[in-house]
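Positions 58 to 227 (our numbering) are the ones given, in order, by the sequence shown. Cβ coordinates follow ideal geometry from the N, Cα and C atoms, glycine included. No experiment lies behind these values; they were computed from the predicted model shown.
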Amino acid sequence: MAGLLAFSAAMAVGSTAIAAGAVINRFSDPLRDYDTTSAGPFDAATARLQLVGHGAGTTAVLHVRGVDRSVSGRTFGAHLHNGACGTDQPLLAGGHYNHDAHSGAPKVVISDQTEVWLDVTVDASGAGNSNSVVRFTPTAGARSVVIHAKPTDPATGGAGDRLACLPVEW
Ligand SMILES: [Cu+2]
Numbered sequence: 058m059a060g061l062l063a064f065s066a067a068m069a070v071g072s073t074a075i076a077a078g079a080v081i082n083r084f085s086d087p088l089r090d091y092d093t094t095s096a097g098p099f100d101a102a103t104a105r106l107q108l109v110g111h112g113a114g115t116t117a118v119l120h121v122r123g124v125d126r127s128v129s130g131r132t133f134g135a136h137l138h139n140g141a142c143g144t145d146q147p148l149l150a151g152g153h154y155n156h157d158a159h160s161g162a163p164k165v166v167i168s169d170q171t172e173v174w175l176d177v178t179v180d181a182s183g184a185g186n187s188n189s190v191v192r193f194t195p196t197a198g199a200r201s202v203v204i205h206a207k208p209t210d211p212a213t214g215g216a217g218d219r220l221a222c223l224p225v226e227w
């Protein structure tokens with residue numbers, strides 16, 4: 058119940074921010090497959106990311122659809138990464154975009170407030186949504202949202218293998 062309430066509150070914050078904020082950018086594309094030699098749940102999926110600026114921060118909203126329904130109910134880690142998507146080159150996307158690292162903070166904290174975490178749970182129709190509200194604005198560049206095989210570990214930010222990638226370049 059607490060989890061549900063927290064989720065509702067987060068959605069409300071996101072909706073308010075969207076209504077009041079200015080869309081910095083919207084990205085919509087088929088997901089790039091990181092394993093073109095075998096079938097995966099995101100092979101036919103598309104995704105859309107909106108970055109909305111509000112005051113000192115950003116709301117990121119991710120929509121994924123067209124995911125194989127065999128994985129409905131599962132949660133997949135998703136994050137804003139530093140680098141661009143590359144065909145069959147999952148490591149090209151680099152590490153997570155981390156505000157502490159980009160702003161030269163003396164200590165780099167890994168959390169859902171220093172990075173943009175957008176884990177998605179796939180529903181019965183093969184779609185999933187998530188949002189993240191952070192108090193920074195990512196700097197422009199050729200970046201990506203990488204979708205991983207597992208939910209994000211809140212302690213390490215790790216989420217297993219990289220499955221698919223949405224180009225996010227501005
Ligand atoms: Cu990631």
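Close beta carbons around residue i, own chain, < 8 Å, minus the five adjacent residues each side
i, result
"Thr103", "Ser85, Asp86, Pro87, Leu88, Val121, Arg122 and Gly123"
"Gly151", "His138, Asn139 and Gly140"
"Pro211", "Ser168 and Asp169"
"Gly217", "Gly134, His205, Ala206 and Lys207"
Assigned secondary structure, residue i (DSSP; H/G/I helix, E/B strand, else coil)
i, result
"Leu149", "helix"
"Val166", "coil"
"Val124", "coil"
"Asp157", "helix"
"Gly110", "strand"
"Arg89", "strand"
"Phe193", "coil"
"Leu175", "coil"
"Gly217", "coil"
Own chain partners of residue i with C-beta closer than 7 Å, once the 5 adjacent residues on each side are dropped
i, result
"Ala145", "Sequence inspection shows Asp at residue 145; the Ala mentioned does not correspond to that position. Correct list, in chain order: Tyr91 and Thr93."
"His159", "Thr196"
Contact set for residue i: own chain, Cβ-Cβ below 6 Å, skip 5 residues either direction
i, result
"Pro195", "Tyr154"
"Ile81", "Leu108 and Gly110"
"Val118", "Gln107 and Asn188"
"Thr132", "Asp176, Thr178 and Pro208"
Exercise for the section: Give every residue whose Cβ lies closer than 5 Å to any heavy atom of ligand 1, listed in chain order. Expected result: His136 and Val203
Practice task
Could you tell me whether the stretch 107-115 touches the stretch 175-185, where touching means 3 or more Cβ pairs closer than 8 Å?
Solution key: no
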